[in-house]
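Asks: One structure coming up, written as structure tokens, with questions to follow.
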Amino acid sequence: MASITIRDVKKSYAKMQVVHGVDLDIRSGEFVVILGPSGCGKSTLLRMIAGLEDISGGEIAIDGTVVNKLEPRERGCAMVFQNYALYPHMSVAQNIGYSLKVAGVPAAERQLRIQAVARTLELEQLLDRRPMALSGGQRQRVAMGRAMIREPKVFLFDEPLSNLDAKLRVQMRSEIRKLHRRLNATSVFVTHDQVEAMTLADRLVVMNGGRVEQVGTPGEIYTRPASRFVATFVGAPAMNILEGTVDLDGLSLLGGSRRLTIARAGLPVGTKVAMGVRPEAVRLVAPGTAGALKATVDLVEELGAGRVIYVDLDGAPFSVMTSEAVHPEPGSAVGLKLSPDDMHFFSSETGTRLDVFKASVPEPAL
Amino acid sequence: MEKRVTFSKWTIGILFAVPQLVLIFTFFYWPAGQAVYWSLTLQQPWGGGNIWVGLDNFRSILSNADYWNSISASLVFAAISTGLAMFIALVLAALTDRQLAGSRLYRVVLIWPYGIAAPALAMAFRFILAPEAGFMAVVNRVWPGFWDPGLDGADAMASIIVAFSWKYVGYNFIFFLAAFQAIPRSLIEAAAMDGSGVIRRFWDIQFPLITPTIFFLLVINITESFQDSFGIVDIMTAGGPANATNLMVYKIYSDGFKGLDYSGAAAQSIILMLLIIVLTIFQFRFIERRVHYR
Numbered sequence: 000m001a002s003i004t005i006r007d008v009k010k011s012y013a014k015m016q017v018v019h020g021v022d023l024d025i026r027s028g029e030f031v032v033i034l035g036p037s038g039c040g041k042s043t044l045l046r047m048i049a050g051l052e053d054i055s056g057g058e059i060a061i062d063g064t065v066v067n068k069l070e071p072r073e074r075g076c077a078m079v080f081q082n083y084a085l086y087p088h089m090s091v092a093q094n095i096g097y098s099l100k101v102a103g104v105p106a107a108e109r110q111l112r113i114q115a116v117a118r119t120l121e122l123e124q125l126l127d128r129r130p131m132a133l134s135g136g137q138r139q140r141v142a143m144g145r146a147m148i149r150e151p152k153v154f155l156f157d158e159p160l161s162n163l164d165a166k167l168r169v170q171m172r173s174e175i176r177k178l179h180r181r182l183n184a185t186s187v188f189v190t191h192d193q194v195e196a197m198t199l200a201d202r203l204v205v206m207n208g209g210r211v212e213q214v215g216t217p218g219e220i221y222t223r224p225a226s227r228f229v230a231t232f233v234g235a236p237a238m239n240i241l242e243g244t245v246d247l248d249g250l251s252l253l254g255g256s257r258r259l260t261i262a263r264a265g266l267p268v269g270t271k272v273a274m275g276v277r278p279e280a281v282r283l284v285a286p287g288t289a290g291a292l293k294a295t296v297d298l299v300e301e302l303g304a305g306r307v308i309y310v311d312l313d314g315a316p317f318s319v320m321t322s323e324a325v326h327p328e329p330g331s332a333v334g335l336k337l338s339p340d341d342m343h344f345f346s347s348e349t350g351t352r353l354d355v356f357k358a359s360v361p362e363p364a365l
Numbered sequence: 000m001e002k003r004v005t006f007s008k009w010t011i012g013i014l015f016a017v018p019q020l021v022l023i024f025t026f027f028y029w030p031a032g033q034a035v036y037w038s039l040t041l042q043q044p045w046g047g048g049n050i051w052v053g054l055d056n057f058r059s060i061l062s063n064a065d066y067w068n069s070i071s072a073s074l075v076f077a078a079i080s081t082g083l084a085m086f087i088a089l090v091l092a093a094l095t096d097r098q099l100a101g102s103r104l105y106r107v108v109l110i111w112p113y114g115i116a117a118p119a120l121a122m123a124f125r126f127i128l129a130p131e132a133g134f135m136a137v138v139n140r141v142w143p144g145f146w147d148p149g150l151d152g153a154d155a156m157a158s159i160i161v162a163f164s165w166k167y168v169g170y171n172f173i174f175f176l177a178a179f180q181a182i183p184r185s186l187i188e189a190a191a192m193d194g195s196g197v198i199r200r201f202w203d204i205q206f207p208l209i210t211p212t213i214f215f216l217l218v219i220n221i222t223e224s225f226q227d228s229f230g231i232v233d234i235m236t237a238g239g240p241a242n243a244t245n246l247m248v249y250k251i252y253s254d255g256f257k258g259l260d261y262s263g264a265a266a267q268s269i270i271l272m273l274l275i276i277v278l279t280i281f282q283f284r285f286i287e288r289r290v291h292y293r
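Residue numbers (numbering that gives the first Met the number 0), protein chains in the order written: chain S, 0 to 365; chain V, 0 to 293.
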């Protein structure tokens with residue numbers, strides 16, 4: 000068990016900077032998920048913790064020891080790779096036991112520990128097989144076993160589930176979660192899959208373009224996204240965004256055709272603001288209901304338990320998620336009801352969250 | 000699954016195979032068959048037909064001490080030059096694989112020696128290794144009489160081994176480098192995470208994974224050292240001094256075309272062919288077992 004402290008860590012390749020000063024504190028025993036689109040620097044950050052990439056600037060400390068100059072083996076981390084990286088010429092037992100062999104653990108003790116790990120991961124029947132003869136899920140478990148047997152201070156996961164099919168992914172996800180609860184080792188898990196991120200994380204780190212956008216519990220990230228990027232990246236279908244401009248009375252949306260009468264709380268007239276609302280926070284009402292927005296249905300996606308209704312709001316795309324048994328025909332008119340409590344505001348220029356509107360809004364007149 | 004082309008009529012398949020079959024027949028089976036025939040006859044040096052003599056040619060060759068000397072010289076040459084060419088290439092490739100900047104350049108530069116015709120490179124090495132001028136002259140100046148391939152059989156053997164290895168280092172390097180680069184980077188990283196250092200990773204991960212390439216190059220290098228050595232021997236030592244570098248392939252030429260013993264030379268080439276076949280079978284039987292194919 001160990002804490003990880005990341006201070007202003009940067010990474011550049013030749014002329015390109017891919018990580019722009021990341022600060023992060025990971026507590027001992029915590030399960031932290033780093034979420035972001037591909038190319039956001041999340042894997043690079045993980046590999047810098049592991050010691051597989053040089054750190055261009057700043058410092059990383061594990062349990063208070065700065066590890067910038069330490070070899071991977073001196074850091075006490077174990078890593079599960081995206082493609083598993085199993086040694087193809089070794090049996091499952093040899094794969095799992097390789098780190099012990101390198102460390103010079105006697106063969107008898109090695110066997111015992113391999114057996115113990117294999118029992119936890121239900122790999123006992125497969126110990127003599129080569130990785131070639133294993134299914135994707137089994138390979139995944141061997142990769143986990145190889146990390147577990149070292150009893151590392153820190154577990155690092157580099158998108159370990161992305162090569163599995165959907166069903167197996169859900170199953171492995173809960174196995175990783177259970178394993179963490181039992182071993183209680185500090186874990187850093189990198190993924191681009193938000194469902195994986197939300198379900199696994201004690202705390203979630205959302206990254207974009209080499210910067211940390213927000214750090215928080217999955218709940219915080221979902222309910223109070225710190226930026227427009229986080230708001231639209233987390234949640235499916237993505238949060239609806241309507242662009243607007245602050246005027247004398249409040250906020251006018253959609254090029255002036257809709258108005259949101261709210262106090263502008265000190266923002267100068269002409270400020271560009273983006274209003275966001277989650278599809279699941281929008282209520283579908285009969286067209287013409289007082290205080291409802293009028294829209295035209297484009298497409299209905301049936302999800303079984305619910306449905307996503309894509310509508311056209313004066314030319315702007317907008318989506319509504321509902322669990323009610325409504326099936327509006329494409330082309331028909333519907334009314335949308337938004338509650339001010341569910342609205343998020345972001346600066347159109349910087350994308351950062353603006354909390355200035357919220358408090359002073361009793362009921363928007365739309 | 001492997002995709003296979005299938006033809007509706009077997010005749011089309013045969014038609015596609017014909018050019019290759021014709022080539023193999025014309026340039027391999029036919030000459031080889033001729034050599035077998037000649038080896039069983041006595042051919043008149045100035046024409047006038049063959050006399051069937053059965054296995055007499057083989058008996059006379061195999062009872063000749065010069066021929067056994069030639070066989071042992073060939074085996075020494077094959078063992079040392081293959082070992083040297085493969086070892087140097089392996090080290091170079093392992094180092095190049097670690098530091099990738101500029102590896103394209105090395106790759107091009109290192110393949111060139113293989114493209115040089117054996118006589119041309121032998122000429123160059125004859126100058127480089129000449130005892131009275133060139134690099135070895137400097138050594139001879141410090142230790143007089145240390146190096147003279149014209150008089151000392153061991154020096155002559157060393158010269159042709161160096162020249163041959165130099166040519167094959169480049170060839171082997173290309174294959175080794177390709178093999179190293181085909182190993183997924185993440186395997187090396189996983190081994191690093193498992194606590195394995197550079198040398199340990201090489202022996203535990205990289206070396207086992209390139210064994211198919213090592214095996215392939217072993218077969219090729221040994222075969223070529225029996226055949227491709229001709230030009231080098233001819234230019235550098237002409238089999239001398241005192242037959243010390245009279246390799247089997249050179250002896251075939253000198254007995255046949257200088258000594259005009261066509262039948263004996265034909266019999267020798269049959270023996271050389273059998274030796275290479277036996278060696279190759281041996282390698283497949285006993286060494287290939289240790290190869291890990293992925």
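The C-beta atom is built at its ideal place from N, Cα and C for all residues, glycine as well. Note that the structure is predicted; figures quoted are calculated from it, not measured.
Nearest to alanine 189 of chain V by CA position, among S:Ala84, S:Val214, S:Ser318, S:Cys39, is which residue?
Replies: Translated into positions along the second sequence, residue 189 of chain V becomes position 190. Cα-wise, what sits closest to alanine 189 of chain V is S:Ala84.
Asks: Kindly say whether asparagine 82 of chain S, judged by its beta-carbon, lies nearer than 8 Å to any beta-carbon of chain V.
Replies: Translated into the one-based positions of the first sequence, residue 82 of chain S becomes position 83. Chain V, which has a Cβ nearer than 8 Å to the Cβ of asparagine 82 of chain S, makes this yes.
Asks: Expressed to the nearest angstrom, what Euclidean distance is found between the alpha-carbon atoms of methionine 156 of chain V and leucine 83 of chain V?
Replies: Taking the first residue of the second sequence as position 1, residue 156 of chain V is located at position 157. Taking the first residue of the second sequence as position 1, residue 83 of chain V is located at position 84. Rounded to whole angstroms, methionine 156 of chain V to leucine 83 of chain V spans 14 Å at the Cα level.
Asks: Can you pull the chain S residues whose beta carbon is under 9 Å from the beta carbon of glutamate 188 of chain V, in chain order?
Replies: Looking up residue 188 of chain V in the second sequence gives position 189. Against chain S, a Cβ distance below 9 Å from glutamate 188 of chain V picks out Arg46, Ala49, Leu51, Pro71, Met78, Phe80, Ala84.
Asks: In chain S, which residues lie with their C-beta within 9 Å of the C-beta of alanine 191 of chain V?
Replies: Counted from its first residue, the second sequence places residue 191 of chain V at position 192. Below the 9 Å Cβ cutoff, chain S contributes Ala49, Gly50, Leu51, Glu70, Pro71, Arg72 as neighbours of alanine 191 of chain V, in chain order.
Asks: Please decide whether histidine 19 of chain S counts as near chain V, where near means a Cβ-Cβ distance under 8 Å.
Replies: In the first sequence, the residue the question calls residue 19 of chain S occupies position 20. Not closer than 8 Å to any Cβ of chain V, the Cβ of histidine 19 of chain S fails to qualify, so no.
Asks: Between alanine 191 of chain V and the rest of its own chain, which residues show a CB-CB distance below 8 Å, the 5 nearest in sequence each way excluded?
Replies: Here the question's residue 191 of chain V lines up with position 192 in the second sequence. Result list for alanine 191 of chain V: Arg200, in chain order.
Asks: In chain S, what lies closer than 7 Å to proline 207 of chain V by C-beta?
Replies: As a position in the second sequence, residue 207 of chain V is number 208, starting the count at 1. Residues of chain S passing the Cβ test: His88.
Asks: With a threshold of 8 Å between beta-carbons, can proline 363 of chain S be considered close to chain V, or not?
Replies: For the purposes of this step, residue 363 of chain S is taken as residue 364 along the first sequence, with counting starting at 1. Summary for proline 363 of chain S: the model assigns pLDDT 48, below 50, so the residue's position carries little reliability; its value from the coordinates is reported in the next sentence. Not an interface residue.
Asks: Mind listing the chain S neighbours of proline 183 of chain V? Cutoff is C-beta to C-beta under 8 Å, in chain order.
Replies: Looking up residue 183 of chain V in the second sequence gives position 184. Near proline 183 of chain V (Cβ distances below 8 Å), the residues of chain S are Asn82, Ala84.
Asks: Using a Cβ-Cβ cutoff of less than 6 Å, which residues in the same chain neighbour alanine 88 of chain V once the five nearest sequence positions on both sides are dropped?
Replies: For this step, residue 88 of chain V is matched to residue 89 along the second sequence. Excluding positions up to five away in sequence, the list reads Val168, Asn171, Phe172, Phe175.
Asks: Identify the contact partners of alanine 102 of chain S in chain V, using a Cβ-Cβ distance below 8 Å as the criterion.
Replies: In the first sequence, residue 102 of chain S corresponds to position 103, counting from 1. Ordered by position in chain V, the residues that pass the 8 Å Cβ test against alanine 102 of chain S are Gly194.
Asks: For glutamine 42 of chain V, report the span of its beta strand (DSSP E) as first-last.
Replies: Translated into positions along the second sequence, residue 42 of chain V becomes position 43. Counting along the chain, the beta strand (DSSP E) containing glutamine 42 of chain V begins and ends at 40–42.
Asks: Cα-Cα, which of S:Ser186, S:Pro267, S:Tyr309 is closest to aspartate 248 of chain S?
Replies: Within the first sequence, the letter at position 249 stands for residue 248 of chain S. Taking only the C-alpha atoms, the option nearest aspartate 248 of chain S is S:Pro267.
Asks: Tell me which residues share the same chain as aspartate 127 of chain S and place their Cβ nearer than 8 Å to its Cβ, disregarding the 5 neighbours each side in the sequence.
Replies: Translated into positions along the first sequence, residue 127 of chain S becomes position 128. Counting only Cβ-Cβ distances below 8 Å, and skipping sequence neighbours, we find Ser90, Val91, Ala92.
Asks: Consider the Cβ of serine 98 of chain S: report whether some Cβ of chain A lies at a distance smaller than 8 Å.
Replies: Looking at the structure shown, chain A is missing, and the protein chains on hand are S and V.
Asks: Mind listing, in chain order, the continuous alpha helix (DSSP H) runs of no fewer than 4 residues lying wholly within the region 130–189 of chain S?
Replies: 135–147, 165–182
Asks: Under a Cβ-count criterion, where at least 16 other Cβ atoms within 10 Å of its own Cβ denotes burial, should phenylalanine 156 of chain S be classed as buried or exposed?
Replies: Mapped onto the first sequence, residue 156 of chain S falls at position 157. With 16 or more other Cβ atoms within 10 Å, it is buried.
Asks: List the residues of chain S that isoleucine 79 of chain V touches, going by C-beta distances under 8 Å, in chain order.
Replies: Within the second sequence, the letter at position 80 stands for residue 79 of chain V. Neighbours of isoleucine 79 of chain V in chain S, taken as residues whose beta carbon is under 8 Å from its own, are absent, since the nearest beta carbon is some 30 Å off.
Asks: Express the C-alpha separation of lysine 166 of chain S and arginine 181 of chain S in angstroms, rounding to a whole number.
Replies: Here residue 181 of chain S is taken as the residue at index 182 of the first sequence, counted from 1. Here residue 166 of chain S is taken as the residue at index 167 of the first sequence, counted from 1. When rounded, the distance between both Cα atoms is 23 Å.
Asks: Tell me the DSSP secondary structure of asparagine 245 of chain V in three-state form.
Replies: Position 246 of the second sequence, counted from the first residue, corresponds to residue 245 of chain V. In the structure shown, asparagine 245 of chain V sits in coil (DSSP, three-state: anything other than H, G, I, E or B).
Asks: Would you identify the three-state DSSP class for leucine 34 of chain S, choosing helix, strand or coil?
Replies: Along the first sequence, one-based indexing puts residue 34 of chain S at 35. Residue state, collapsed to three classes: strand.
Asks: Locate the alpha helix (DSSP H) running through aspartate 65 of chain V, then write down its first and last residues.
Replies: Sequence index remark: in the second sequence, residue 65 of chain V carries index 66 (1-based). 64–97 is the extent of the alpha helix (DSSP H) around aspartate 65 of chain V.
Asks: Measure the alpha-carbon distance for isoleucine 248 of chain V versus serine 228 of chain V and round it to whole angstroms.
Replies: Walking along the second sequence from the start, residue 248 of chain V turns up at place 249. Walking along the second sequence from the start, residue 228 of chain V turns up at place 229. Residue 248 of chain V is actually valine in this sequence, not isoleucine. For valine 248 of chain V and serine 228 of chain V, the distance between alpha carbons rounds to 8 Å.
Asks: Is the beta carbon of lysine 166 of chain V sitting closer than 8 Å to the one on leucine 216 of chain V?
Replies: For this step, residue 166 of chain V is matched to residue 167 along the second sequence. For this step, residue 216 of chain V is matched to residue 217 along the second sequence. It is not a contact, given that the beta carbons lie outside the stated cut-off.
Asks: Would you call glutamate 195 of chain S buried or exposed, if buried means 16 or more other Cβ atoms sit within 10 Å of its Cβ?
Replies: Position 196 of the first sequence, counted from the start, is the residue given in the question as residue 195 of chain S. Glutamate 195 of chain S comes out buried.
Asks: Quick one: is proline 361 of chain S buried, meaning 16 or more other Cβ sit within 10 Å of its Cβ, or exposed?
Replies: One-based indexing of the first sequence puts residue 361 of chain S at position 362. Bear in mind that the predicted position of proline 361 of chain S carries a pLDDT of just 41, short of 50, making it unreliable; the figure below should be weighed with that in mind. It counts as exposed.
Asks: By Cβ distance, which residues of its chain are closer than 7 Å to methionine 171 of chain S, with the 5 residues on each side in sequence left out?
Replies: Residue 171 of chain S sits at position 172 when you count from the first residue of the first sequence. Result list for methionine 171 of chain S: Gly136, Gln139, Leu160, Leu163, in chain order.
Asks: Could you check how far apart the C-beta atoms of valine 290 of chain V and threonine 210 of chain V are, in whole angstroms? I think they sit under 8 Å.
Replies: To locate residue 290 of chain V, count along the second sequence from 1; it is residue 291. To locate residue 210 of chain V, count along the second sequence from 1; it is residue 211. With 8 Å as the limit, valine 290 of chain V and threonine 210 of chain V qualify as a contact, their Cβ atoms being about 4 Å apart.
Asks: Where does isoleucine 70 of chain S sit, in a helix, a strand or coil, going by DSSP?
Replies: Numbered from its first residue, the first sequence carries residue 70 of chain S at position 71. Looking at the sequence provided, one finds glutamate at residue 70 of chain S rather than isoleucine. Here glutamate 70 of chain S sits in coil by DSSP.
Asks: With respect to the alpha helix (DSSP H) encompassing leucine 216 of chain V, which residues constitute its N-terminal and C-terminal limits?
Replies: For the purposes of this step, residue 216 of chain V is identified with residue 217 of the second sequence, where counting begins at 1. It spans 210–226 - the alpha helix (DSSP H) in which leucine 216 of chain V sits, taken as one unbroken run.
Asks: Which one of S:Ser331, S:Leu241, S:Pro286, S:Glu212 has the shortest CA to CA distance from phenylalanine 344 of chain S?
Replies: Position 345 of the first sequence, counting from 1, holds the residue named residue 344 of chain S. Ranking S:Ser331, S:Leu241, S:Pro286, S:Glu212 by Cα distance to phenylalanine 344 of chain S puts S:Leu241 first.
Asks: Would you call tryptophan 37 of chain V buried or exposed, if buried means 16 or more other Cβ atoms sit within 10 Å of its Cβ?
Replies: As a working note, residue 37 of chain V is residue 38 in the second sequence. Under this definition tryptophan 37 of chain V is a buried residue.
Asks: Once you ignore the five residues that flank serine 322 of chain S on each side, which residues in its own chain have a CB closer than 7 Å to its CB?
Replies: Position 323 of the first sequence, counted from the first residue, corresponds to residue 322 of chain S. So the qualifying residues of the chain are Ala304, Gly305.
Asks: Just verifying my parser: in three-state terms, what is the DSSP assignment at glutamine 282 of chain V?
Replies: The residue given as residue 282 of chain V occupies position 283 in the second sequence. Residue state for glutamine 282 of chain V is assigned as helix, using DSSP reduced to three classes.
Asks: Checking contacts by CB at 8 Å: is isoleucine 127 of chain V closer than that to chain S?
Replies: Translated into positions along the second sequence, residue 127 of chain V becomes position 128. Chain S, which has no Cβ nearer than 8 Å to the Cβ of isoleucine 127 of chain V, makes this no.
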